[in-house]
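Data first, discussion second: the structure below is written as structure tokens.
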Amino acid sequence: MERGMTSIVKTTTRLICGVVFIFGLYLIVHGHLSPGGGFAGGTVMAGAFILLVLAFGDDIRHLRIIEEGSSTLENLAILLFLLLGVSGMAIGAGVFFGNYLETGQAGDLLSAGIIPVGNILIGIEVAAALFTVFLAFVIFKEEEQ
Amino acid sequence: MEVLLAIIIILMIAGSIYTLHARDLLSAVISYGITGFGLVICFLLLRAPDLAIAQIVVEIITLIIMIAVIRISVREDLTERSTIRVAGVRYINMRSVSFFVAGIVFMAALLFFFIQATALLDPFGVHSIRMAAAYMEQGAGLTGSANLVAGVLFDFRAYDTLGEATILITAVIGILTVLRLKGRK
Amino acid sequence: MMKAWIPIFVILPLAGAFLIPIISRYFSRFGRILAPLIMLILTGLGIMFFFREEPVLIYHIGGWKLYKGIPVGIQFVVDGLGVLMLAVINLVGFLAAFYSISYLSKYTGEKYFFALFCLMVAGMNGVVITGDLFNLFVFLEIAVIASYALVAFGIEKEELEASFKYQVLGGVASLFVLLGIAIIYWQTGTLNIADVAMLLRESDSSQVLVFVQILLIAGFGLKAAMIPFHAWLPDAHSSAPSPISAMLSGVLIKAVGVYAIMRLFFNMFTMNYEISMLITVIGTVSMVGGVLLAVGQWDLKRLLAYHSISQMGYVVLGIGMGMVILSVDGNRAVAALAIFGGLYHMVNHAVFKGLLFLNAGAIEYKTGTRMLRELGGLSENMPLTASTSLSASMAISGIPPFNGFFSKLIIIMAAVQGRFYLMALLAVIVSIITLASFMKVHRYAFSGVPRFKNKKLFGEAPFTMALPMVVLALLCLGLSLLVIPSVRNIFLTPAVDALINTLNYAKPILEL
Amino acid sequence: MILYILCFILFLVGLYGVITRRNVIKIVLGICIMEYSMNLLLVLIGYVEGGIAPIVVKGVEDTNFVDPLPQAMVLTVIVIGLATTAMLLAIAIRVYKKHGTFDIREIKNLKG
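Protein chains in written order, with the working numbering: chain A, 283 to 427; chain B, 912 to 1096; chain C, 3 to 514; chain D, 10 to 121.
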């Protein structure tokens, strides 16, 4: 049984999936310089993964493995973000979510202390969360049939 | 600028009214999506690029999930119509019309109180900045982030962002709980 | 230094909630060990906070102190009222988590249950200790979304329908609260509760305030299940798993509903007579309506749910009377007595309502049914559950040695002294009807000839369910000691002072 | 002032949809429309006439920024809206599979 959508959609997905993923990555990493940030970038990355699952489809066992993986990744990412906040209590001014890394010059890439780290962790967490939600609906649809 | 915004919001209101009255659920979801993209344009006009990007992308993910839900279930909305065709003659269904009128009266009252309450507050375009003054003056300096909104989100109010990311995790675990196959042993 | 320990109340349950789904895949019993452990640690910490050095502890998150006298970041503010709520939330949370270790053997997806449980407690702790309006809304959403999923945990027909109705009403209520917060930000330009309090006292903008206050009463009133907005409570509480109904009824509607109303309407808004009278009337109507609805119920958990509405009516009545007296600058002693009665009844209600729901859970766990007509003669088979249920029923209907009697007595005394004679009369009548309703429960469920279909003999509830019930039953007796002045001054009086002199919440934050 | 009134009318349309519609999906859409209007109201409050987007660009020295605080709040409310919508849809699809209909009134009497 030919899974997923027609071959036209599959080829276009193969082409643009990488670009969408890279754009999401760009939004996350440049979160503190240009508009975007952890949430928008994470959602774009989730869109890239969802596009793949929509276009190519997969059997239910494999989907469950992917869902386990993304659910674990999501919990790890938010745990690291919490540890980032707690590490502020240990290092620096010893305060929850203290910005202890040096803040550098406002314009360049390596600036703004813990903000880029926070952006990246939140980006991973949002991407994994939305991908898990989408997979939950797909697996529910597969199980119903 | 204000006139442009007013036109877009009126179009959004029209779109959402159609959403609620459409017979076919899929067209309801699509007109809901268009209302969302109208909101994106409003964000751009109001100088909020961060929100425009986030709104477009979140909008697409919500539409994907909604259309997935509708494809699993049914597309027609077979609930009560306000006019019933009995033997070719159209009768007004008094119950839903009275419900409709009561709704309108309640909405008009709420609108009147809203207008009366917010008449004295700052008009559009004038904003008495107090807490945000610190974010703007200290923003680039102390947090070092050029994007002030990211500065507010990840440094001044980082605890809010932790709470908000936890909401997403709660929703994901909630969805995994609700969509699991068997509830009781 | 106590101050450094405040973030633990949110960090620990959040870390637990994120760890449980990961580790439960390899070690399936991890959730049932970690969750009660976390709640126990937090209960200990909460009780330790009763003996803090200065009355109001302030923790600036991210180290953002005042900028030109304006609070900039988010602050944790723990005062008398906050410590009281923290102790109640984490104690009932620990007992419910301990109870659900064996209760969950009938359900699948145990790791999700304990993860959502920790998130709900983290949300409630976050609501109680934050000093920022928008942050209160965010953590309120965490607690409420976790409770939506927990209500629908069994995925039966009526549980899903109950959870959907609860979610729709809860979503609309949250949007009303958000609208209120947006208008407050529109007017004052700041989100910090203390800052808003000082600004509202300078400018007399009562026109905006009345609209905002009604919005917030509607929003938080629905979370506290007051009468005009109580439609979701009976379905949600009767279809949820019993430890969750105990948490919802015992703690969630207090920490999210009544606490928010108290904090905003005492420490933030300026007092005015009409709004406080409106809150008192809502409390009275809920008190009377709840019990009238409860008398005709045959499903044990629905009956308990309706009684929750009526008991919460007592709490809101006590606090509303205190607010009315303060708004007309009446006798502050009577206002303090009324608020003391309200807070004392809130603590008592958390204890005996939690116990009643845990008893209903034990009965359902053993006999498989909740309908009073199908039960009967349980006292021979389940002596312990019968005795704890008896003590809880006597506590809720206000029979002397138990804590319910003292708190209701104080509320009625405050009503009489404050010349609210109608409210005092209604409070007495409602207490009598509550007694009648619980005698009916005992006559059908515990005494009499066993009437249920399967005649097989079943034993007492397992240990992990029996221990929390015994602890709560002892608390039903123990809490009546709070009336003694020496004990009261440690636990309840700081909470009453936090509400009575409204501005000593705001002053230390703004360093005035 | 007209923009705030229009925004509140959008809120009322969503509220009207939640109260009167009987189809489960339309109730969910009504809540989402209410969330849209709340986001719009917050950003309208934060707008400053002639202000520029809150991004500090090296060359530009103009410091008349639009208020970044409501934008941070709206970003949070957007993701809260996504979370509540996804939860509502998960429960709606489960209710549909159990009751076979999206009509809230039939779901209520099937409860027995």
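Backbone N, C-alpha and C define an ideal beta-carbon position, used for all residues, glycine too.
CB-CB under 8 Å to residue i, same chain, minus the five flanking residues each way: which ones, in chain order?
i	result
V75(D)	G55, Y56, V57, G60, I61, A62, P63
L956(B)	M912, L915, L916, I919
A1019(B)	none
I131(C)	I8, F11, V12, F78, V79, V80, G84, L88
Taking residue i as the query, report the chain B residues whose CB atoms sit under 7 Å from its CB, ordered along the chain.
i	result
V96(D)	Note that residue 96(D) is Met in the sequence shown here, rather than Val. Neighbours of M96(D) on chain B, chain order: A1082, G1085, I1086.
G2(C)	Here chain C comprises residues numbered 3 to 514, so residue 2(C) is not present and cannot be evaluated.
I404(A)	T1072, A1076
G111(C)	T1088, R1091
Which chain D residues are close to residue i, counting only those with a beta carbon under 9 Å from its beta carbon?
i	result
L1022(B)	I14, F17, I18, L21
Does chain B have any CB closer than 8 Å to the CB of residue i?
i	result
G60(D)	yes
I310(A)	no
R288(A)	The sequence shown places Thr at residue 288(A), rather than the Arg named in the question. No, because no Cβ of chain B sits closer than 8 Å to the Cβ of T288(A).
S247(C)	no
I116(D)	no
I64(D)	yes
Closer than 7 Å: is that where the CB of residue i sits relative to any heavy atom of the ligand FMN?
i	result
F422(C)	For the structure depicted, the ligand FMN is absent and the ligand set is empty, with no information on it obtainable.
With a threshold of 8 Å between beta carbons, is residue i in contact with chain A?
i	result
V130(D)	This structure cannot speak to residue 130(D), because chain D is shown only from 10 to 121.
F954(B)	no
F948(B)	no
Could you tell me if residue i is buried or exposed, where buried requires 16 or more neighbouring beta carbons within 10 angstroms of its beta carbon?
i	result
N1058(B)	buried
Q387(A)	exposed
R285(A)	exposed
H344(A)	exposed
K1096(B)	exposed
G320(C)	buried
V317(C)	buried
M1042(B)	buried
C73(D)	First, the residue type needs correcting, since residue 73(D) is Asn and not Cys in the sequence shown. Burial call: exposed.
P9(C)	buried
D961(B)	buried
V1037(B)	exposed
E6(C)	Reading the sequence as shown, one finds Ala at residue 6(C) and not Glu. Classification of A6(C): exposed, given that the 10 Å Cβ count is below 16.
W66(C)	buried
Would residue i count as contacting chain C if we go by Cβ distances under 8 Å?
i	result
I11(D)	no
E1075(B)	yes
L49(D)	no
T29(D)	no
K107(D)	yes
N357(A)	yes
T930(B)	no
Residues of chain A with CB closer than 7 Å to the CB of residue i, please, in chain order.
i	result
V985(B)	Near V985(B) there are no residues of chain A at all, since even the closest Cβ is about 14 Å away, more than 7 Å.
Residues of chain B with CB closer than 9 Å to the CB of residue i, please, in chain order.
i	result
A409(A)	Going along chain B, no residue has its Cβ under 9 Å from A409(A), so there is no contact; the nearest lies around 11 Å.
N34(D)	The question names Asn, but residue 34(D) is Ile in the sequence shown. Here the neighbours are L936, A939, V940, M977, V980, I981, S984, D988.
Can you name the residues of chain D whose CB is closer than 8 Å to the CB of residue i?
i	result
I147(C)	A92, T93, M96
Kindly list the residues whose CB is nearer than 6 Å to the CB of residue i, restricted to its own chain and excluding five residues on each side of it in sequence; keep chain order.
i	result
H232(C)	I311
L93(C)	T45
G252(C)	V94, A352, K355, G356
L358(C)	L306, A394
P321(A)	The displayed chain sequence assigns Phe, not Pro, to residue 321(A). Here the set comprises V408.
L19(D)	S46
Just the chain C side, please: which residues come within less than 7 Å of residue i by C-beta, in chain order?
i	result
G380(A)	G64, G65
S352(A)	By Cβ distance, chain C contributes nothing, its closest Cβ being about 12 Å from S352(A), past 7 Å.
Quick one: what's got a C-beta closer than 7 Å to residue i's C-beta in the same chain, skipping five residues either side?
i	result
I43(C)	L14
R346(A)	I421
Using a Cβ cut-off of 7 Å, pull out every chain D residue sitting near residue i, in sequence order please.
i	result
G389(A)	K67
Chain C partners of residue i, CB-CB under 8 Å?
i	result
T85(D)	F136, V140
What residues from chain C crowd round residue i, counting only those whose CB sits closer than 9 Å?
i	result
L1032(B)	I185, W188, Q189, S207, V210
(message) Any C-beta of chain B within less than 8 Å: which residues of the region 50-75 of chain C qualify?
(response) I63, G64, W66, Y69, K70, I72, P73, V74, G75
(message) Under 8 Å, CB to CB, which of the residues in the region 7-31 of chain C have a partner in chain A?
(response) P9, I13, L16, A17, F20, L21, P23, I24, R27
(message) For the region 188-211 of chain C, list every residue whose C-beta sits within 8 Å of some C-beta in chain D, in sequence order.
(response) W188, L193
(request) Pull out every residue of the region 317-329 of chain A whose Cβ sits closer than 7 Å to any Cβ of chain B, in chain order. (result) P317, G318, G319, F321, A322, T325, V326, A328, G329
(message) Using a Cβ-Cβ cutoff of 8 Å, what residues of the region 414-426 of chain A are near chain D? List them in chain order.
(response) V415, A418, F419, F422, E426
(request) Give, in chain order, every residue of the region 965-977 of chain B whose Cβ lies closer than 7 Å to some Cβ of chain A. (result) A965, V968, V969, I971, I972, I975, I976
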